[in-house]
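The sequence shown begins at 1 in this note's numbering and counts up one residue at a time.
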Amino acid sequence: MNIVLLGPPGSGKGTQAQTLEKGHGWKYIGTGQILRSLLGRKDKMAAEARAYMDRGELVPDELMVKILLRETEEKWGGGLILDGFPRNLAQAQILETMLAKQNLRIDRVLLIELSEEEVVRRLTERTQCNQCGGIYSERLIICPRCGTPVAQRPDDSPDTIRRRLEVYRQQVEPLLDFYARRKILERIDGSGSVQDVANRVEISLKNR
Ligand code: AMP
C-alpha cells in the first residue's frame, strides 16, 4: 500500500510514519528528514534548499523533485509512506505521474488533524536527531536511539512556526480537495498520545 500523510507541522506525521514502517514494512520517505540529513553531508542541492527551509518556505518544486528522485526512486514498489511530500497541488500531480510510470498509485491519504494551539506547543518543545531521524516530545540532549547529540530544529522557532503554518494552510489545504475527489482521503484525530493516534490510523487503514 502507498500512503501519503498530511497534516500541519507537529501533528505527528513523522512519528506515525515510523510506527507504520515498523508495523507494516512499508518504506518511509520523509522529504524534510531527507533534506536535513543531506545538509549534514554538505550536499550541493540541499545547500540550495537550506535558505528556503530556514525561512519556513517550501523548497521550489523542481529542486525538491530532483532531490526526491535522486534519493528515493530505487525504494519505490513494495509500499511507501510519504511524509512531507506532496506539499502542494503541483507536487501531487507530479507524484501521480511519477508513480504511474511504474504502475503505482497512492492508495490512501491520511490527514492528521491537530489544533494550531497544540501544534505550537508541541513544536516549541520537541527535539530531533538529524542522524537517525528520532523525534522526541521533550528537550533531550543525546538521542536515546543512536547516541548522537539532538537539537531543536532551527525552523521550530516561534516566528518560523507561524510562517510554516501559513504555508501549510495556503499550499496543503487545496490538496485535500484533490485527494477527496479521488475518494482516498481519511481524516485522523491527531490529539492524545502517540499510541492513541497509531490506533486510529490502524483502524482507518482496516476500515476499507
Ligand atoms: P518538514 O520536516 O516536513 O516539516 O520539512 C521541513 C522543511 O523542508 C519545510 O519547511 C520545507 O522548507 C522543506 N520541505 C520538506 N518537504 C518539502 C516539499 N515536499 N516541498 C518543498 N519543501 C519541502
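Quick reminder that beta carbons are idealized off the backbone N, C-alpha and C, glycines included.
Check: Sufficient close CB pairs (3 or more, under 8 Å) joining the region 109-120 to the region 6-16; Outcome: yes
Check: Option nearest residue 38 by Cα separation, candidates 132, 99, 97; Outcome: 132
Check: Minimum C-alpha distance to residue 182 - residue among 65, 105, 164, 167; Outcome: 105
Check: Cβ pair residue 99, residue 29 closer than 7 Å; Outcome: no
Check: Identity of the residue in 163, 188, 173 nearest residue 205 by Cα; Outcome: 188
Check: Closest residue to residue 84 among 32, 176, 74, 22 (Cα-Cα distance); Outcome: 32
Check: Assigned secondary structure, residue 161 (DSSP; H/G/I helix, E/B strand, else coil); Outcome: helix
Check: Three CB pairs or more closer than 8 Å across the region 156-169 and the region 70-80; Outcome: no
Check: Nearest candidate by alpha-carbon position, reference residue 190, set 2, 4, 13; Outcome: 13
Check: Completely contained beta strand (DSSP E) runs for the region 8-66, where each covers 3 or more residues; Outcome: 27-30
Check: Through-space distance from residue 92 to residue 118, alpha-carbon basis; Outcome: 27 Å
Check: CB of residue 167 within 7 Å of CB of residue 4, strictly; Outcome: no
Check: Touch test, the region 191-201 against the region 44-52, Cβ-Cβ under 8 Å, three pairs minimum; Outcome: no
Check: Residue 203, buried or exposed, once every other Cβ within 10 Å from all chains shown has been counted against 16; Outcome: exposed
Check: Residue of 158, 128, 138 minimising C-alpha distance to residue 150; Outcome: 128
Check: Beta strand (DSSP E) segments (min. 3 residues) lying fully within the region 54-138; Outcome: 80-83, 108-113
Check: Nearest-angstrom Cα separation, counted from residue 2 out to residue 20; Outcome: 11 Å
Check: Residue closest to residue 154, alpha-carbon to alpha-carbon, out of 50, 137, 146; Outcome: 50
Check: Cross-strand partners of residue 197 (DSSP beta bridge); Outcome: According to DSSP, residue 197 bridges with nothing at all.
Check: Exposure label - residue 90; buried when at least 16 CB within 10 Å; Outcome: exposed
Check: Continuous alpha helix (DSSP H) stretch holding residue 209: start and end; Outcome: With the chain represented from 1 up to 208, any question about residue 209 goes unanswered, as that position is not in the structure.
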